[in-house]
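Position one of the sequence shown corresponds to residue 30 (the working numbering), numbered consecutively onward.
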Amino acid sequence: MARSNRLSASSVQQLRWHDVSLSALIAGFVAVLVGYTSSAIIIFQAVASAGGGPELVTSWFLALGIGMGITTIGLTLRFRAPILTAWSTPGAALLVTSMADFSYAAAIGAFLFSACLITLVGITGWFERLMNRIPQSIAAAMLAGVLLQFGLGVFQAMENEWVLVVLLFVVYLVAKRWQPRYAIPLVLVVGMLAAWAMGLLSFATVEWQLAKPVFTLPEWSLGAMISIGVPLFIVTMASQNMPGVATIRASGYQTPISPTITWTGITTLLLAPFGAFALNLAAITAAICMSSEAHPDAKRRYVATLSAGFFYLLTGLLASTMAALFYAFPEALVLAIAGLALLATIGNSLAVALHDEPVREAALITFLVTASGVTLFSVGSAFWGLVAGLAAWYVRRP
(Lines of atoms letter the chains of each structure in order from A; the text may use other names.)
(Lines give C-alpha, C1' and ligand atoms only; values in the text may rest on other atoms or scores of the structure.)
Protein backbone atom coordinates (compact mmCIF):
# COMPACT_ATOMS: atom_id res chain seq x y z
CA MET A 30 0.00 0.00 0.00
CA ALA A 31 2.77 2.40 0.94
CA ARG A 32 4.56 1.68 -2.30
CA SER A 33 1.47 2.37 -4.39
CA ASN A 34 0.97 5.69 -2.60
CA ARG A 35 4.48 6.77 -3.67
CA LEU A 36 3.80 6.35 -7.38
CA SER A 37 4.67 9.36 -9.50
CA ALA A 38 1.87 11.51 -10.86
CA SER A 39 2.46 10.29 -14.42
CA SER A 40 2.37 6.61 -13.45
CA VAL A 41 -0.80 7.12 -11.39
CA GLN A 42 -2.48 8.81 -14.35
CA GLN A 43 -1.39 5.97 -16.65
CA LEU A 44 -2.64 3.38 -14.17
CA ARG A 45 -5.97 5.15 -13.82
CA TRP A 46 -6.72 5.17 -17.54
CA HIS A 47 -5.59 1.58 -17.87
CA ASP A 48 -8.06 0.57 -15.15
CA VAL A 49 -11.11 2.35 -16.58
CA SER A 50 -13.85 -0.01 -17.79
CA LEU A 51 -17.46 0.37 -18.88
CA SER A 52 -18.66 -2.07 -16.24
CA ALA A 53 -17.04 -0.03 -13.45
CA LEU A 54 -18.47 3.25 -14.76
CA ILE A 55 -21.95 1.73 -14.93
CA ALA A 56 -21.56 0.26 -11.43
CA GLY A 57 -20.89 3.76 -10.09
CA PHE A 58 -23.99 5.13 -11.78
CA VAL A 59 -26.14 2.24 -10.51
CA ALA A 60 -24.84 2.80 -6.96
CA VAL A 61 -25.87 6.47 -7.02
CA LEU A 62 -29.19 5.64 -8.69
CA VAL A 63 -30.04 3.08 -6.01
CA GLY A 64 -28.93 5.39 -3.21
CA TYR A 65 -31.04 8.33 -4.34
CA THR A 66 -34.18 6.47 -5.37
CA SER A 67 -34.25 4.36 -2.20
CA SER A 68 -33.89 7.10 0.41
CA ALA A 69 -34.06 10.60 -1.11
CA ILE A 70 -37.71 10.91 -0.12
CA ILE A 71 -36.62 10.83 3.55
CA ILE A 72 -34.60 14.00 2.95
CA PHE A 73 -37.75 15.75 1.72
CA GLN A 74 -39.59 14.63 4.86
CA ALA A 75 -36.77 15.75 7.17
CA VAL A 76 -36.66 19.23 5.65
CA ALA A 77 -40.44 19.47 5.78
CA SER A 78 -40.44 18.56 9.49
CA ALA A 79 -38.12 21.53 10.07
CA GLY A 80 -40.49 23.83 8.22
CA GLY A 81 -38.22 24.19 5.20
CA GLY A 82 -39.28 24.65 1.60
CA PRO A 83 -37.85 23.77 -1.83
CA GLU A 84 -34.85 26.08 -1.35
CA LEU A 85 -33.69 24.17 1.73
CA VAL A 86 -34.30 20.82 0.02
CA THR A 87 -32.10 21.91 -2.87
CA SER A 88 -29.41 23.18 -0.49
CA TRP A 89 -29.40 19.88 1.43
CA PHE A 90 -28.99 17.83 -1.73
CA LEU A 91 -26.31 20.23 -2.97
CA ALA A 92 -24.29 19.96 0.25
CA LEU A 93 -24.75 16.18 0.50
CA GLY A 94 -23.84 15.63 -3.16
CA ILE A 95 -20.71 17.77 -2.94
CA GLY A 96 -19.70 16.18 0.37
CA MET A 97 -20.20 12.61 -0.84
CA GLY A 98 -18.46 13.35 -4.13
CA ILE A 99 -15.39 14.94 -2.54
CA THR A 100 -14.95 12.28 0.14
CA THR A 101 -15.57 9.39 -2.25
CA ILE A 102 -13.13 10.61 -4.89
CA GLY A 103 -10.52 11.81 -2.39
CA LEU A 104 -10.48 8.65 -0.25
CA THR A 105 -10.59 6.37 -3.29
CA LEU A 106 -7.57 8.08 -4.87
CA ARG A 107 -5.74 8.22 -1.54
CA PHE A 108 -6.02 4.49 -0.83
CA ARG A 109 -6.48 3.21 -4.41
CA ALA A 110 -9.45 1.16 -3.20
CA PRO A 111 -13.23 1.45 -3.75
CA ILE A 112 -14.39 3.64 -0.85
CA LEU A 113 -17.91 4.99 -1.22
CA THR A 114 -19.55 7.43 1.18
CA ALA A 115 -23.22 8.26 1.55
CA TRP A 116 -25.62 10.25 3.68
CA SER A 117 -26.96 8.62 6.84
CA THR A 118 -30.35 7.23 5.85
CA PRO A 119 -31.35 6.20 9.40
CA GLY A 120 -30.03 9.56 10.52
CA ALA A 121 -32.37 11.31 8.09
CA ALA A 122 -35.28 9.18 9.34
CA LEU A 123 -34.38 10.22 12.89
CA LEU A 124 -34.48 13.88 11.88
CA VAL A 125 -38.04 13.52 10.60
CA THR A 126 -39.27 12.99 14.16
CA SER A 127 -36.72 14.99 16.18
CA MET A 128 -36.29 18.31 14.34
CA ALA A 129 -39.85 19.55 14.82
CA ASP A 130 -39.20 20.47 18.48
CA PHE A 131 -36.28 22.81 17.74
CA SER A 132 -35.45 25.72 15.48
CA TYR A 133 -33.70 24.97 12.21
CA ALA A 134 -30.59 26.87 13.36
CA ALA A 135 -30.47 24.75 16.54
CA ALA A 136 -30.70 21.61 14.39
CA ILE A 137 -27.70 22.83 12.37
CA GLY A 138 -25.79 23.23 15.62
CA ALA A 139 -26.71 19.63 16.49
CA PHE A 140 -25.39 18.49 13.09
CA LEU A 141 -22.07 20.15 13.90
CA PHE A 142 -21.97 18.53 17.33
CA SER A 143 -22.59 15.08 15.82
CA ALA A 144 -19.87 15.71 13.22
CA CYS A 145 -17.43 16.60 16.02
CA LEU A 146 -18.14 13.28 17.73
CA ILE A 147 -17.62 11.36 14.48
CA THR A 148 -14.34 13.19 13.88
CA LEU A 149 -13.23 12.42 17.43
CA VAL A 150 -13.75 8.64 17.16
CA GLY A 151 -11.95 8.74 13.82
CA ILE A 152 -8.90 10.65 15.06
CA THR A 153 -8.55 8.56 18.22
CA GLY A 154 -8.91 5.25 16.34
CA TRP A 155 -11.50 3.94 18.85
CA PHE A 156 -13.92 2.83 16.15
CA GLU A 157 -11.29 1.02 14.06
CA ARG A 158 -9.99 -0.88 17.09
CA LEU A 159 -13.53 -2.01 17.83
CA MET A 160 -14.15 -3.17 14.26
CA ASN A 161 -10.85 -5.07 14.13
CA ARG A 162 -12.10 -7.31 16.96
CA ILE A 163 -15.08 -8.56 14.93
CA PRO A 164 -14.53 -11.98 13.24
CA GLN A 165 -14.71 -11.87 9.44
CA SER A 166 -17.50 -14.47 9.39
CA ILE A 167 -19.76 -12.31 11.55
CA ALA A 168 -18.98 -9.18 9.51
CA ALA A 169 -19.78 -11.06 6.29
CA ALA A 170 -23.03 -12.37 7.82
CA MET A 171 -24.08 -8.83 8.73
CA LEU A 172 -23.40 -7.68 5.18
CA ALA A 173 -25.42 -10.58 3.74
CA GLY A 174 -28.32 -9.71 6.03
CA VAL A 175 -28.23 -6.06 5.00
CA LEU A 176 -28.23 -6.96 1.30
CA LEU A 177 -30.78 -9.79 1.45
CA GLN A 178 -33.76 -7.48 0.96
CA PHE A 179 -32.29 -6.30 -2.35
CA GLY A 180 -31.85 -9.85 -3.59
CA LEU A 181 -35.46 -10.62 -2.66
CA GLY A 182 -36.55 -7.35 -4.23
CA VAL A 183 -35.78 -8.66 -7.73
CA PHE A 184 -38.46 -11.33 -7.45
CA GLN A 185 -40.89 -9.28 -5.37
CA ALA A 186 -40.87 -6.67 -8.16
CA MET A 187 -42.19 -9.33 -10.54
CA GLU A 188 -45.56 -9.07 -8.80
CA ASN A 189 -46.21 -5.60 -10.24
CA GLU A 190 -44.10 -5.47 -13.43
CA TRP A 191 -43.44 -9.11 -14.23
CA VAL A 192 -42.80 -8.58 -17.96
CA LEU A 193 -40.07 -6.01 -17.33
CA VAL A 194 -38.41 -7.87 -14.45
CA VAL A 195 -38.51 -11.28 -16.14
CA LEU A 196 -36.95 -9.72 -19.24
CA LEU A 197 -34.14 -8.24 -17.16
CA PHE A 198 -33.61 -11.54 -15.34
CA VAL A 199 -33.28 -13.39 -18.65
CA VAL A 200 -30.88 -10.75 -19.99
CA TYR A 201 -28.82 -11.08 -16.82
CA LEU A 202 -28.58 -14.88 -17.06
CA VAL A 203 -27.64 -14.82 -20.74
CA ALA A 204 -25.08 -12.05 -20.20
CA LYS A 205 -23.55 -13.90 -17.25
CA ARG A 206 -23.08 -16.89 -19.54
CA TRP A 207 -21.53 -15.08 -22.50
CA GLN A 208 -20.39 -11.62 -21.30
CA PRO A 209 -20.32 -11.68 -17.46
CA ARG A 210 -18.29 -8.47 -17.21
CA TYR A 211 -21.00 -6.48 -18.98
CA ALA A 212 -24.06 -8.17 -17.44
CA ILE A 213 -25.24 -5.17 -15.38
CA PRO A 214 -24.57 -2.56 -18.12
CA LEU A 215 -26.65 -4.69 -20.51
CA VAL A 216 -29.40 -5.06 -17.91
CA LEU A 217 -29.45 -1.27 -17.40
CA VAL A 218 -29.62 -0.47 -21.12
CA VAL A 219 -32.26 -3.11 -21.89
CA GLY A 220 -34.24 -2.10 -18.80
CA MET A 221 -34.34 1.58 -19.75
CA LEU A 222 -35.37 0.78 -23.32
CA ALA A 223 -38.03 -1.66 -22.18
CA ALA A 224 -39.39 0.75 -19.54
CA TRP A 225 -39.54 3.53 -22.14
CA ALA A 226 -41.34 1.26 -24.63
CA MET A 227 -43.84 0.26 -21.94
CA GLY A 228 -44.53 3.89 -21.03
CA LEU A 229 -42.96 3.55 -17.57
CA LEU A 230 -40.06 5.93 -18.18
CA SER A 231 -40.40 9.58 -19.16
CA PHE A 232 -38.08 12.57 -18.79
CA ALA A 233 -40.56 15.15 -20.11
CA THR A 234 -40.89 16.96 -16.76
CA VAL A 235 -37.14 17.21 -16.06
CA GLU A 236 -35.79 20.79 -16.15
CA TRP A 237 -32.06 21.56 -16.00
CA GLN A 238 -30.95 24.17 -13.47
CA LEU A 239 -28.06 24.72 -11.06
CA ALA A 240 -28.65 24.35 -7.32
CA LYS A 241 -28.17 27.30 -4.94
CA PRO A 242 -26.77 26.85 -1.41
CA VAL A 243 -28.55 28.24 1.65
CA PHE A 244 -26.22 29.05 4.58
CA THR A 245 -27.64 28.94 8.11
CA LEU A 246 -25.74 30.26 11.11
CA PRO A 247 -25.93 27.56 13.81
CA GLU A 248 -27.41 28.08 17.24
CA TRP A 249 -26.01 26.13 20.20
CA SER A 250 -28.82 24.48 22.10
CA LEU A 251 -28.03 21.85 24.75
CA GLY A 252 -31.44 20.28 24.23
CA ALA A 253 -30.91 20.00 20.46
CA MET A 254 -27.41 18.55 20.89
CA ILE A 255 -28.76 15.89 23.26
CA SER A 256 -32.00 15.18 21.40
CA ILE A 257 -30.64 15.43 17.82
CA GLY A 258 -26.84 15.41 17.85
CA VAL A 259 -26.17 12.41 20.11
CA PRO A 260 -28.81 10.10 18.53
CA LEU A 261 -27.64 11.17 15.06
CA PHE A 262 -24.07 10.23 15.98
CA ILE A 263 -25.12 6.85 17.40
CA VAL A 264 -27.31 5.73 14.50
CA THR A 265 -24.74 6.94 11.95
CA MET A 266 -21.95 4.94 13.57
CA ALA A 267 -24.02 1.85 14.44
CA SER A 268 -26.35 1.60 11.45
CA GLN A 269 -24.14 3.06 8.70
CA ASN A 270 -20.43 3.02 9.47
CA MET A 271 -20.40 -0.47 10.99
CA PRO A 272 -22.05 -2.08 7.93
CA GLY A 273 -19.83 0.12 5.75
CA VAL A 274 -16.69 -1.28 7.36
CA ALA A 275 -18.13 -4.80 7.13
CA THR A 276 -18.64 -4.28 3.39
CA ILE A 277 -15.02 -3.18 2.93
CA ARG A 278 -13.63 -6.08 4.95
CA ALA A 279 -15.95 -8.70 3.43
CA SER A 280 -14.87 -7.58 -0.04
CA GLY A 281 -11.24 -8.27 0.85
CA TYR A 282 -9.96 -4.71 1.28
CA GLN A 283 -7.82 -3.78 4.28
CA THR A 284 -8.19 -0.01 3.93
CA PRO A 285 -7.45 1.97 7.12
CA ILE A 286 -10.75 2.88 8.72
CA SER A 287 -9.82 5.76 11.03
CA PRO A 288 -8.81 8.21 8.24
CA THR A 289 -12.05 7.55 6.34
CA ILE A 290 -14.19 8.16 9.43
CA THR A 291 -12.19 11.28 10.26
CA TRP A 292 -12.64 12.80 6.83
CA THR A 293 -16.37 12.10 6.70
CA GLY A 294 -16.64 13.91 10.05
CA ILE A 295 -14.55 16.89 8.93
CA THR A 296 -16.46 17.20 5.65
CA THR A 297 -19.75 17.13 7.55
CA LEU A 298 -18.43 19.91 9.80
CA LEU A 299 -17.70 22.11 6.80
CA LEU A 300 -20.96 21.48 4.98
CA ALA A 301 -23.43 21.13 7.87
CA PRO A 302 -24.49 24.84 7.72
CA PHE A 303 -25.73 24.14 4.18
CA GLY A 304 -27.66 20.96 5.13
CA ALA A 305 -25.14 18.08 5.14
CA PHE A 306 -26.41 16.48 8.36
CA ALA A 307 -24.21 13.33 8.38
CA LEU A 308 -21.80 11.68 5.93
CA ASN A 309 -20.61 8.12 6.47
CA LEU A 310 -19.28 4.99 4.78
CA ALA A 311 -21.79 3.41 2.42
CA ALA A 312 -22.73 -0.26 2.72
CA ILE A 313 -25.38 -1.38 0.23
CA THR A 314 -24.34 0.91 -2.61
CA ALA A 315 -20.66 0.30 -1.83
CA ALA A 316 -21.26 -3.42 -2.30
CA ILE A 317 -22.35 -2.68 -5.88
CA CYS A 318 -19.01 -0.98 -6.57
CA MET A 319 -17.00 -3.72 -4.83
CA SER A 320 -18.65 -6.68 -6.54
CA SER A 321 -17.26 -8.71 -9.42
CA GLU A 322 -19.94 -7.09 -11.58
CA ALA A 323 -17.98 -3.83 -11.38
CA HIS A 324 -14.76 -5.53 -12.51
CA PRO A 325 -13.36 -9.08 -12.23
CA ASP A 326 -10.09 -7.65 -10.89
CA ALA A 327 -10.56 -6.34 -7.33
CA LYS A 328 -7.65 -3.93 -7.79
CA ARG A 329 -9.52 -2.11 -10.56
CA ARG A 330 -12.89 -1.70 -8.84
CA TYR A 331 -11.88 1.67 -7.41
CA VAL A 332 -12.89 3.12 -10.79
CA ALA A 333 -16.50 2.32 -9.87
CA THR A 334 -16.39 4.58 -6.81
CA LEU A 335 -14.62 7.29 -8.80
CA SER A 336 -17.54 7.08 -11.23
CA ALA A 337 -20.00 7.26 -8.33
CA GLY A 338 -18.12 10.29 -6.95
CA PHE A 339 -18.52 12.06 -10.28
CA PHE A 340 -22.26 11.37 -10.32
CA TYR A 341 -22.47 12.55 -6.69
CA LEU A 342 -20.96 15.89 -7.70
CA LEU A 343 -23.32 16.09 -10.66
CA THR A 344 -26.36 15.36 -8.52
CA GLY A 345 -25.22 18.01 -6.07
CA LEU A 346 -24.70 20.76 -8.62
CA LEU A 347 -27.98 19.88 -10.36
CA ALA A 348 -29.81 18.90 -7.17
CA SER A 349 -33.43 19.58 -8.10
CA THR A 350 -32.92 18.36 -11.66
CA MET A 351 -31.24 15.09 -10.70
CA ALA A 352 -33.86 14.34 -8.06
CA ALA A 353 -36.56 14.57 -10.72
CA LEU A 354 -34.41 12.55 -13.13
CA PHE A 355 -33.88 9.67 -10.72
CA TYR A 356 -37.52 9.61 -9.70
CA ALA A 357 -38.42 9.14 -13.36
CA PHE A 358 -37.07 5.57 -13.14
CA PRO A 359 -39.85 3.08 -12.29
CA GLU A 360 -39.44 1.35 -8.93
CA ALA A 361 -39.44 -2.13 -10.45
CA LEU A 362 -36.51 -1.22 -12.71
CA VAL A 363 -34.44 0.14 -9.80
CA LEU A 364 -35.20 -2.90 -7.60
CA ALA A 365 -34.30 -5.32 -10.38
CA ILE A 366 -31.01 -3.63 -11.26
CA ALA A 367 -29.96 -3.29 -7.62
CA GLY A 368 -30.82 -6.88 -6.75
CA LEU A 369 -29.12 -8.39 -9.78
CA ALA A 370 -26.01 -6.25 -9.22
CA LEU A 371 -25.77 -7.56 -5.65
CA LEU A 372 -26.40 -11.28 -6.22
CA ALA A 373 -22.70 -12.16 -6.39
CA THR A 374 -21.91 -10.15 -3.26
CA ILE A 375 -24.73 -11.80 -1.30
CA GLY A 376 -23.51 -15.25 -2.35
CA ASN A 377 -19.89 -14.51 -1.49
CA SER A 378 -20.84 -13.03 1.88
CA LEU A 379 -22.90 -16.11 2.81
CA ALA A 380 -20.05 -18.38 1.75
CA VAL A 381 -17.59 -16.52 3.99
CA ALA A 382 -20.07 -16.31 6.86
CA LEU A 383 -20.81 -20.04 6.97
CA HIS A 384 -17.40 -21.40 6.01
CA ASP A 385 -15.81 -21.46 9.48
CA GLU A 386 -17.71 -24.05 11.53
CA PRO A 387 -16.81 -22.75 15.03
CA VAL A 388 -18.32 -19.36 14.17
CA ARG A 389 -21.12 -20.67 11.90
CA GLU A 390 -23.96 -20.50 14.40
CA ALA A 391 -22.99 -17.00 15.57
CA ALA A 392 -22.75 -15.87 11.95
CA LEU A 393 -26.18 -17.37 11.22
CA ILE A 394 -27.68 -15.50 14.18
CA THR A 395 -26.07 -12.30 12.91
CA PHE A 396 -27.54 -12.88 9.45
CA LEU A 397 -31.06 -13.65 10.71
CA VAL A 398 -31.27 -10.70 13.11
CA THR A 399 -29.90 -8.30 10.50
CA ALA A 400 -32.20 -9.62 7.77
CA SER A 401 -35.22 -9.31 10.08
CA GLY A 402 -35.09 -5.52 9.84
CA VAL A 403 -35.79 -5.04 13.55
CA THR A 404 -35.28 -1.51 14.90
CA LEU A 405 -34.83 -0.83 18.62
CA PHE A 406 -34.23 2.61 20.17
CA SER A 407 -33.99 4.10 16.63
CA VAL A 408 -30.99 1.85 15.86
CA GLY A 409 -31.27 -0.45 12.85
CA SER A 410 -31.02 -4.21 12.56
CA ALA A 411 -27.40 -4.25 11.33
CA PHE A 412 -26.18 -3.12 14.74
CA TRP A 413 -28.41 -5.54 16.66
CA GLY A 414 -27.42 -8.39 14.37
CA LEU A 415 -23.80 -7.64 15.15
CA VAL A 416 -24.53 -7.50 18.90
CA ALA A 417 -26.44 -10.80 18.85
CA GLY A 418 -23.80 -12.54 16.76
CA LEU A 419 -20.92 -11.37 18.93
CA ALA A 420 -22.78 -12.39 22.09
CA ALA A 421 -23.37 -15.87 20.66
CA TRP A 422 -19.73 -16.12 19.60
CA TYR A 423 -18.32 -15.10 22.98
CA VAL A 424 -20.66 -17.46 24.86
CA ARG A 425 -20.04 -20.49 22.63
CA ARG A 426 -16.33 -20.17 21.91
CA PRO A 427 -13.90 -22.30 23.99
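Glycine is no exception: its CB is placed at the ideal position from the N, C-alpha and C atoms. Since the model is a prediction, treat every value here as computed from it, not as a measurement.
- With respect to Phe-340, Phe-58 sits close: the two C-beta atoms are nearer than 8 Å.
- In this structure the segment 146-160 does not touch the segment 376-386; the number of beta carbon pairs closer than 8 Å is below three.
- Taking all protein chains in view, the Cβ of Met-319 is crowded by 16 or more other Cβ atoms within 10 Å, so the residue is classified as buried.
- Ranked by Cα distance from Ala-56, the first of Ala-323, Pro-83, Ser-50, Leu-91 is Ala-323.
- For Asn-309, DSSP records a beta bridge to Ala-115.
- Take the alpha-carbon of Glu-188 and the one of Gly-182: they are about 10 Å apart.
- Taking C-beta atoms under 8 Å as the contact rule, Thr-284 and Leu-308 fail to qualify, at a distance of about 17 Å.
- Cβ contact annotation for Gln-238 (same chain, cutoff 8 Å, sequence separation greater than five): Leu-347, Ser-349, Thr-350, in chain order.
- Going by DSSP, Thr-100 is part of the alpha helix (DSSP H) stretching over 83-108.
- If you check the CB distance, Lys-241 and Thr-87 come in under 8 Å.
- Counting only runs of at least 4 residues, the segment 191-235 fully encloses the following alpha helix (DSSP H) elements, listed from N- to C-terminal order: 191-207, 212-226.
- For Leu-310, the closest C-alpha among the options Glu-390, Val-264, Ala-365, Pro-387 is that of Val-264.
- In this structure Gly-151 touches Ile-290 by the C-beta definition: roughly 3 Å separates them, less than 8 Å.
- For Val-175, the uninterrupted alpha helix (DSSP H) segment begins and ends at 165-185.
- When the beta-carbon positions are compared, Leu-217 and Ile-102 stay at least 8 Å from each other.
- Nearest C-alpha to Gly-402 among Ala-115, Leu-62, Val-175, Val-49: Val-175.
- Closest in alpha carbon position to Gly-64, among Ser-117, Ala-110, Val-195, Asp-48, is Ser-117.
- In the DSSP assignment, Pro-288 falls within the alpha helix (DSSP H) that extends over 286-300.
- For Gly-281 and Ala-301, the gap between their C-alpha atoms comes out near 33 Å.
- Rounded to whole angstroms, the gap between the alpha carbons of Ala-275 and Met-254 is 29 Å.
- Judged by DSSP secondary structure, Val-332 falls within the alpha helix (DSSP H) whose first and last residues are 331-346.
- If you check the CB distance, Gly-304 and Ala-92 come in under 8 Å.
- Sorting Gly-80, Ser-231, Met-97 by C-alpha distance to the C-alpha of Thr-344 places Met-97 at the top.
- Residue nearest to Ser-50 within the set Ala-327, Leu-196, Ser-287, Gln-165 is Ala-327 (criterion: CA-CA distance).
- Leaving aside the five residues that flank Val-388 on each side, the residues in its chain whose CB is nearer than 7 Å to its CB run, in chain order, Pro-164, Ser-166, Ile-167, Trp-422.
- According to the DSSP assignment, His-384 belongs to the alpha helix (DSSP H) that extends over 360-384.
- For Ile-147, the uninterrupted alpha helix (DSSP H) segment begins and ends at 133-153.
- Rounded to whole angstroms, Leu-362 and Val-199 show a C-alpha spacing of 14 Å.
- In the same chain as Thr-245, and ignoring 5 residues on each side of it, the C-beta atoms closer than 7 Å to its own belong to Tyr-133, Ala-134, Ile-137, Pro-302, in chain order.
- Annotated three-state conformation of Glu-248 is coil, per DSSP.
- Of the other Cβ atoms in all chains shown, 16 or more fall within 10 Å of the Cβ of Ala-144; this residue is therefore buried.
- DSSP, read as helix, strand or coil, puts Trp-237 in coil.
- For the pair Ala-139 and Ala-186, the Cα-to-Cα distance works out to about 39 Å.
- With a threshold of 16 other beta carbon atoms within 10 Å, Pro-83 falls short and is exposed.
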